[in-house]
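*Asks:*
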C-alpha cells in the first residue's frame with residue numbers, strides 16, 4: 110500500500126529518536142529518547158496479527174458502524190477498541206489507530222522515558238513536562254496558531 114506524506118511530521122525537525130514504522134495500512138511516526146525502530150516494528154507486527162485474527166473470527170468487528178457486544182475471546186487491543194466503540198457510539202474500527210498507537214507506545218516505555226506515537230492523526234504520548242500539540246487548520250486566520258497544551 111502506498112503511504113501518504115504527512116507534512117506535520119516534519120514540523121519540529123529531525124531527531125535521532127524520530128522514526129517511522131510501516132506495516133501494510135499502519136504508518137506510525139514515533140519520537141522517543143532513542144531510535145527504537147526494530148522494537149516498535151515487532152510490537153506493531155504482533156499487535157496487527159492479534160487484531161487480524163480477531164477480525165477473521167468476527168467479520169462484524171471490521172464492518173460495524175455501531176458498537177457491538179464483545180465476544181469474550183478478544184485480545185487486549187480488540188478489548189480497548191470495543192470499550193472505545195461503546196463510549197463513542199461508533200463501530201470498533203473507529204478506534205483502531207488510537208489503540209495501535211497506545212499499544213506500541215506503552216510497550217516501548219520499557220526502553221525510553223518519553224515517547225510520542227502518531228498514527229494517522231491519533232496521538233498517544235508520555236512526556237515528563239508539558240508540551241503544546243499543534244492543530245492543523247486549513248484556514249488563513251488560524252493557520253499555525255492553534256495548539257493544545259498537555
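Numbering (the working numbering), first residue to last: 110 to 259. Here a beta-carbon is modelled for each residue, glycine too, at the ideal position from N, C-alpha and C.
1. When DSSP labels each residue in this structure, what does residue 160 get in the three-state scheme?
2. Any idea if residue 212 is buried or exposed, counting beta-carbon neighbours within 10 angstroms, 16 or more meaning buried?
3. With a Cβ-Cβ cutoff of 8 Å, do residue 210 and residue 145 count as a contact?
4. Measure the C-alpha to C-alpha separation of residue 255 and residue 166 and round it to an integer number of angstroms.
5. Can you tell me whether residue 127 is helix, strand or coil according to DSSP?
6. Quick one: is residue 246 buried, meaning 16 or more other Cβ sit within 10 Å of its Cβ, or exposed?
7. Could you tell me the distance, in whole angstroms, from the CA atom of residue 218 to the CA atom of residue 225?
8. Would you report the Cα separation of residue 261 and residue 236, rounded to the nearest angstrom?
9. Can you name, in chain order, every residue of its own chain whose Cβ lies under 8 Å from the Cβ of residue 143, other than the five neighbours on each side?
10. Alpha carbons only, please: which of 191, 156, 172 is nearest the one belonging to residue 180?
11. Have a look at 214, 199, 239, 232 and flag the residue whose alpha-carbon is nearest the alpha-carbon of residue 151.
12. Would a C-beta distance cut-off of 8 Å place residue 174 and residue 200 closer than the cut-off?
13. Less than 8 Å between the beta carbons of residue 171 and residue 164, yes or no?
14. Comparing alpha-carbon positions, which option in 177, 131, 157, 156 lies nearest residue 196?
15. Under the three-state reduction of DSSP, which class applies to residue 170: helix, strand or coil?
*Replies:* Quick answer:
1. helix
2. buried
3. no
4. 43 Å
5. strand
6. exposed
7. 10 Å
8. Nothing in the structure corresponds to residue 261, since the chain is present only between 110 and 259.
9. 125, 126, 220, 221
10. 191
11. 214
12. yes
13. yes
14. 177
15. helix
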